[in-house]
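**Q**
Residue numbers (this note's numbering): 2 to 170.
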């Protein structure tokens, strides 16, 4: 140990210059540092799951998604629904965004005697504004696993606005 200590003391200026040089070199490399959060791009091209994921993205307009979470004391208020609609409408006209899904724009599938009915959960041009309409919407949303815990939190204090970005590859 004593030999190592003596060598360090004897070569202290060389060690300091080398450490400063390495620090400067790696510091300059930070300018070219990039972060790629796309896990799929790091997988081999012949990986069947990665290939399927990429093919689906090309066919259906992209796999890159974004989410906006709105937290409030109660999602089922007219002013909150209006705010969700404003965000949804703004995203729909934004360049680079392919699809938008929110509480005010989500598709609803209902079983009927004669088959199924597919429509919107909420009429975006006639948002619920009476307490009975809001309560009815809340009861319906919480009765559907498709919405509860997915587009609306289990306690009704948060909702998601999800969007997909256009596929640029």
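C-beta atoms are modelled at their ideal positions from N, C-alpha and C, and glycine is treated no differently. Just so it is clear, the structure is predicted and the values come from calculations on it, not from any experiment.
#1: For the pair the region 151-164 and the region 99-112, tell me if three or more CB-CB distances fall below 8 angstroms.
#2: Buried or exposed: where does residue 77 fall if 16 or more other Cβ atoms within 10 Å of its Cβ makes it buried?
#3: Using the Cβ count rule (16 or more neighbours within 10 Å means buried), how would you classify residue 106?
#4: Report the three-state DSSP secondary structure of residue 145 (helix, strand or coil).
#5: Helix, strand or coil for residue 28? Go by DSSP, reduced to three states.
#6: Thinking C-beta only, is residue 103 closer than 9 angstroms to residue 88?
#7: Beta-carbon separation of residue 108 and residue 122 under 9 angstroms?
#8: Does the separation of the CB atoms of residue 75 and residue 81 fall below 9 angstroms?
#9: Looking only at its chain, what residues have a beta carbon closer than 6 angstroms to the beta carbon of residue 44, apart from the 5 residues adjacent to it on each side?
#10: In three-state DSSP terms, what is residue 111?
#11: My understanding is that residue 134 touches residue 86, with C-beta atoms under 8 angstroms, so please give their C-beta distance in whole angstroms.
**A** Taking the coordinates as given:
#1: yes
#2: Sixteen is the threshold: when 16 or more other Cβ atoms of the shown chains lie within 10 Å of the Cβ of residue 77, as they do, the residue is buried.
#3: buried
#4: Residue 145: coil per DSSP, three-state reduction.
#5: helix
#6: Yes, these two residues count as a Cβ contact at 9 angstroms.
#7: yes
#8: yes
#9: 51
#10: strand
#11: No, residue 134 and residue 86 are not in contact; Cβ-Cβ is about 15 angstroms, not under 8 angstroms.
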